[in-house]
Structures are given as structure tokens and as C-alpha cells.
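So the sequence lines, in the order shown, correspond to chains A and B. For the first sequence, this note's numbering assigns the number 886 to the initial residue and increments by one for each residue that follows. For the second sequence, this note's numbering assigns the number 20 to the initial residue and increments by one for each residue that follows.
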Amino acid sequence: EAGVTQSPTHLIKTRGQQATLRCSPISGHTSVYWYQQALGLGLQFLLWYDEGEERNRGNFPPRFSGRQFPNYSSELNVNALELEDSALYLCASSFLPSTSWLAKNIQYFGAGTRLSVL
Amino acid sequence: QKEVEQNSGPLSVPEGAIASLNCTYSDRGSQSFFWYRQYSGKSPELIMSIYSNGDKEDGRFTAQLNKASQYVSLLIRDSQPSDSATYLCAGSFSGTYKYIFGTGTRLKVLA
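Dropping the structure here:
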């Protein structure tokens, strides 16, 4: 069974450009979470999508946005890129409809997209 | 502001010793906690999860949760050089399934 897949692996952009990152959850998972891991910092929660809706948002400016498609894959868009947006962006998925506590709460992570803003 | 705090380390232990990793949190409404291992340049990998007070053991790993003291720990017995990684503590808090992560503790197991 395929895990969480993210694309691209690396992305190089310049200041002011827009970046689009993509995530495919584990088959059957309905929730997708996005995290930012900047150098020297922990993972910071960005966005949570479930059943196509944005359920929660972290403390990030509005130029960070995303969406979840009917097949539960997700896209993270970062507009007006700034140098400090350079980071590893991780996507995770889980299966909230499960009756199992473990399945509801455990998040499985993809390999990430490393975004470099020059 | 919900927070999860960890000592960034590095924590160095000799091979075969017990490594003790600690994490504190600020929100008493916390539901459950997770320990992830992250090798350099790789994605986080789940090691242990815990939501009840007390100890939970899985092989060489033991997670401990003390909700009164707002404290979570991970013990790694018989540490191996392959355990050298950054260990991330994450909390999932009331009303949401999102994780709040600590900054991670870098563990070095010396051969």
C-alpha cells in the first residue's frame, strides 16, 4: 500500500513568486494536514483539511492557502513568496471516520517538499 | 497558546544505555501524545502514541504520560547507534486532531 506521497521533492522559486505543493494521502484517508519545518524550528501546523473542507488553520498569513479535492488529495499554495518561506513542507494524512482511536489520531507523514526561495 | 516543549539537546548516550527524552506541555485539555523519530532529511516516523496516564511499552520503547504534571517521556532501552535521530514530541489537543510539535531532541548514541 502506498504511503503519503508529495510532489515535487524540491522546488526552487524566487521572491514574490507563487509555489504549489501537492499531497496524495494514504488510500482511504480523508484528512490531510500540512506542516512547515523551517531550519532550526519544529514542525509548525499550517492547515487541516477533512472531507474537502478546511477544518483548522495555524498561525500563518493568508498567503498560505490550500484546498482538498474530491479524491482527498490536497494542494498547498504559497503566494508572494518570502525568503523565510524556505522550509521543508510536510503533509500527513489520517482516517477520521474510523472507530479506532489509533486510526483517528495517528498521522502518517510524506517525505516532504523542500521549498527554497531565492 | 498551547505549547509543547522539549530540550533540543544533543543528548548523548553510550550504546546499550537507556536514553530518556522528555517533553512538557502547557494545556491541561490535551488528549494524546505522540513520539516521532526523524532522521536527517527524512520524514517523521511514528514510534509511540499514548493517551492514558501511566506507561506504555513497545519493544525497546516505553512512553510515559503524567497528566497532573503535564509531562511526557520516551525511554529507549539498549540504545543503538541506529537510534541516533531527532525525536519529536507532539500533542493532540481537545477539539482538534492537529498536532502541536515540540522543537525536537537530537539523540546521539555513541558506539
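All residues carry an ideal CB built from backbone N, CA and C; glycine is no exception.
Given that a residue counts as buried once 16 or more other Cβ atoms are within 10 Å of its Cβ, and exposed if not, what is H895/A?
exposed
Beta-bridge pairing of E1006/A - partner residues as DSSP gives them:
This structure gives no information on residue 1006/A, because the portion of chain A shown stretches from 886 to 1003.
Within chain A, the residues that P63/B reaches when beta carbons sit closer than 8 Å
L928, L975, F994
Taking Cβ-Cβ distances shorter than 8 Å, what residues in chain A pair up with L107/B?
G927, L928
For L981/A, which residues in chain B fall below 8 Å Cβ to Cβ?
Neighbours of L981/A on chain B, chain order: Y116.
On a CA-only basis, which of N964/A, Q953/A, R907/A, L987/A is nearest T915/A? Give me that one, please.
Q953/A
Whole-angstrom distance between R79/B and E967/A, CA atom to CA atom
43 Å
For the candidate residues Q57/B, V91/B, Y58/B, Y55/B, whose alpha-carbon lies nearest to that of Y19/B?
Lying before the first or after the last residue shown, residue 19/B is absent from chain B, which here runs from 20 to 130.
Is it buried or exposed, W986/A, if we count other Cβ atoms within 10 angstroms and call 16 or more buried?
Answer is exposed; the Cβ neighbour count stays below 16.
State the DSSP-derived secondary structure class of K989/A, mapped to helix, strand or coil.
helix
For D77/B, which option in I95/B, L107/B, N85/B, G60/B has the closest C-alpha, if you only look at C-alpha atoms?
If we check each option's Cα against that of D77/B, I95/B comes out closest.
Can you look up E969/A in the DSSP assignment and give me helix, strand or coil?
helix
Proximal residues to R942/A (C-beta, below 7 Å), its chain only, five neighbours per side dropped
L932
Would you call the region 41-50 of chain B and the region 910-930 of chain A in contact, with 3 or more CB pairs under 8 Å?
The region 41-50 of chain B, when compared against the region 910-930 of chain A, does not touch it at the 8 Å Cβ threshold.
What is the residue span of the beta strand (DSSP E) that E85/B lies within?
The sequence shown places Asn at residue 85/B, not Glu. Taken as a continuous stretch (DSSP letters only), the beta strand (DSSP E) holding N85/B covers 80-85.
On the premise that Y918/A lies in contact with K117/B, defined as a C-beta separation below 8 Å, what is that separation, rounded to the nearest angstrom?
6 Å
I'd like to know if S51/B contacts chain A, where contact means its C-beta is closer than 9 Å to some C-beta of that chain.
yes
Residue of L107/B, S101/B, K61/B minimising C-alpha distance to A82/B:
The alpha carbon of A82/B has as its nearest neighbour, out of L107/B, S101/B, K61/B, the alpha carbon of L107/B.
Residue range of the beta strand (DSSP E) that I119/B falls in?
118-120
Within 8 Å, do at least three Cβ pairs link the region 993-1002 of chain A to the region 970-977 of chain A?
yes
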